[in-house]
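Using my numbering, the first residue of the sequence shown is number 158, and each one after it goes up by one.
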Amino acid sequence: MTEDPPVENTRTLLHFIDGSVAYAGHYLHEDSHPVHTHSFVEIAVVMSGSGVHHSLAGRQELQVGDAILLRPGVWHGYENCRRLDLYNCCFSPELLQRELAWTRQDPQLGHLLWTGPYAAQRRGILYTHLHDDALTGCLEHLDGLQKLRTLPPADYRGDLIGRLMLFLSGLARVVAETDQVTGGSAGTHPAVLDAMRMMEDRPAHQWTLTDLAADLHLAPGYLVRLFKAATGLPPMAYLSRFRVELAASRLLHTDQPINRIGESVGWPDQNYFARRFKSHYGLSASTYRSRFTKSIRH
Numbered sequence: 158m159t160e161d162p163p164v165e166n167t168r169t170l171l172h173f174i175d176g177s178v179a180y181a182g183h184y185l186h187e188d189s190h191p192v193h194t195h196s197f198v199e200i201a202v203v204m205s206g207s208g209v210h211h212s213l214a215g216r217q218e219l220q221v222g223d224a225i226l227l228r229p230g231v232w233h234g235y236e237n238c239r240r241l242d243l244y245n246c247c248f249s250p251e252l253l254q255r256e257l258a259w260t261r262q263d264p265q266l267g268h269l270l271w272t273g274p275y276a277a278q279r280r281g282i283l284y285t286h287l288h289d290d291a292l293t294g295c296l297e298h299l300d301g302l303q304k305l306r307t308l309p310p311a312d313y314r315g316d317l318i319g320r321l322m323l324f325l326s327g328l329a330r331v332v333a334e335t336d337q338v339t340g341g342s343a344g345t346h347p348a349v350l351d352a353m354r355m356m357e358d359r360p361a362h363q364w365t366l367t368d369l370a371a372d373l374h375l376a377p378g379y380l381v382r383l384f385k386a387a388t389g390l391p392p393m394a395y396l397s398r399f400r401v402e403l404a405a406s407r408l409l410h411t412d413q414p415i416n417r418i419g420e421s422v423g424w425p426d427q428n429y430f431a432r433r434f435k436s437h438y439g440l441s442a443s444t445y446r447s448r449f450t451k452s453i454r455h
């Protein structure tokens with residue numbers, strides 16, 4: 158690593174400190190890097206060396222130019238590393254709800270940040286490969302983010318977000334080509350965006366497709382078609398994904414009992430919550446909490 162990053166770890170949970178919202182920096186791995194999770198979005202670009210990425214999605218041999226995007230709460234690690242140099246870009250999920258909320262409406266960026274990591278059972282992890290010009294362009298913006306690391310985050314928030322967006326745009330174009338993302342300039346249908354916000358604002362509400370469609374003044378079948386075209390998921394599956402990510406965050410960042418967390422995200426039946434959580438993360442909620450954090454006071 159070239160310099161100390163603006164993160165701390167509590168056992169194997171990584172989280173931001175000092176008000177940072179985004180940063181980039183190098184990590185050099187030898188042998189292995191233990192399984193861990195983090196409270197931010199992470200993108201790792203392989204610069205040199207070799208290794209194996211280990212996650213719920215399996216084991217992936219890495220080569221120069223590979224890029225891995227991980228949504229918050231996803232666990233992963235590295236094995237068999239031989240001078241594996243990763244250029245990591247990390248940013249706070251609060252940006253997705255604020256300055257980057259508009260990316261939902263962009264076909265390429267929406268796929269990269271919102272839907273692609275879950276398409277085809279990817280479990281919150283998206284792999285891609287950057288060739289030549291794409292890699293050079295992404296590295297330019299990662300270098301720009303790294304240089305901003307020494308400046309006060311509060312004074313340079315706009316610069317950080319600007320550099321981050323340039324990096325994400327370049328990455329999104331590559332992923333869109335690989336995944337054959339289409340959608341033109343029209344973006345996501347407003348009803349889909351409204352449905353997302355409604356469900357995310359009230360996760361504990363016992364949503365049904367019929368009620369959601371009625372609130373949006375649409376036929377249920379039409380809403381499903383719009384939602385699947387935009388996200389790859391029907392509305393209730395999208396809600397389940399949001400609930401399980403929210404539950405993971407609350408397991409790591411609060412002292413709430415597990416059954417109360419299940420209730421707070423809309424799954425009051427503890428057995429049902431347990432099944433949904435383990436199906437998504439491959440671990441029980443109690444194992445997830447005990448493995449990835451001991452002190453949850455940040």
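Glycine included, every Cβ here is placed at the ideal spot set by N, Cα and C. Computed from a prediction, not measured in an experiment: that's the story for all the values here.
Check                                                                                                                   : Outcome
Cβ pair PHE399, ALA352 closer than 8 Å                                                                                  : no
GLN363 burial status per 10 Å Cβ neighbour count (16 or more: buried)                                                   : exposed
Per DSSP, the bridge partner or partners of ASP188                                                                      : CYS238
Coarse secondary structure for TYR313, derived from DSSP in three states                                                : coil
Sequence-distant residues of its chain with Cβ nearer than 7 Å to GLU357 (five each side left out)                      : PHE399
Distance between GLY234 and LEU325 (C-alpha atoms, nearest Å)                                                           : 23 Å
GLY423 versus TYR429 - alpha carbon distance                                                                            : 11 Å
Cβ shell of LEU375 (< 7 Å), same chain only, five flanking positions each side left out                                 : ALA348
Spatial neighbours of GLY341 in its chain, beta-carbon cut-off 6 Å, leaving aside the 5 residues before and after       : Only weak support exists for where GLY341 lies, its pLDDT of 49 falling under 50; the coordinates are left without a value.
Reference LEU185, options ASP412, GLN217, ARG239 and TYR313, closest by Cα                                              : ARG239
PHE248 in three-state terms, based on DSSP                                                                              : strand
Same chain, Cβ closer than 7 Å to SER205, neighbours up to 5 away in sequence not counted                               : VAL221, ARG240 and ASP242
Member of HIS288, GLY319, TYR284 and LEU366 whose CA lies at the smallest distance from the CA of HIS298                : GLY319
Backbone CA spacing between TYR438 and LEU227 [nearest angstrom]                                                        : 13 Å
Simplified DSSP state of ARG417, which is helix, strand or coil                                                         : helix
ALA405, DSSP secondary structure in three states                                                                        : helix
Helix, strand or coil at ARG216 [DSSP, three-state]                                                                     : strand
Proximal residues to SER207 (C-beta, below 6 Å), its chain only, five neighbours per side dropped                       : ARG239
HIS288 versus ILE415 - alpha carbon distance                                                                            : 44 Å
THR159 versus GLN303 - alpha carbon distance                                                                            : The predicted position of THR159 is uncertain, since its pLDDT is 44 and thus under 50; a value taken from the coordinates is nonetheless stated next. Spanning the two alpha carbons is a distance of roughly 10 Å.
Residue burial classification, ILE174 (beta-carbon count within 10 angstroms, cutoff 16)                                : The predicted model places ILE174 with a pLDDT of 47, which falls under 50 and marks its position as unreliable; any figure quoted below should be read in that light. When all chains shown are included, ILE174 counts as exposed.
Residue ranges of each alpha helix (DSSP H) within the region 263-351, 4 or longer                                      : 264-267, 289-305 and 314-335
Three-state secondary structure assigned by DSSP to HIS233                                                              : strand
Reduced DSSP category for GLY222 - H, G, I as helix; E, B as strand; rest coil                                          : coil
Neighbour-count burial assignment, ARG470, 16 or more Cβ in a 10 Å radius                                               : Outside the shown range of the chain (158 to 455) lies residue 470, about which nothing can therefore be said.
Alpha-carbon to alpha-carbon, GLU187 and VAL202                                                                         : 16 Å
Expected contact under 8 Å - CB spacing of GLN262 and THR345 to nearest Å                                               : 5 Å
Check whether LEU380 and ALA394 have beta carbons under 8 Å apart                                                       : no
Range covered by the alpha helix (DSSP H) that runs through HIS437                                                      : 427-438
Environment of SER196 [buried if 16+ CB atoms lie within 10 Å]                                                          : buried
Neighbourhood of PRO250 by C-beta distance below 7 Å, restricted to the same chain and skipping five residues each side : PHE197, VAL198 and PRO229
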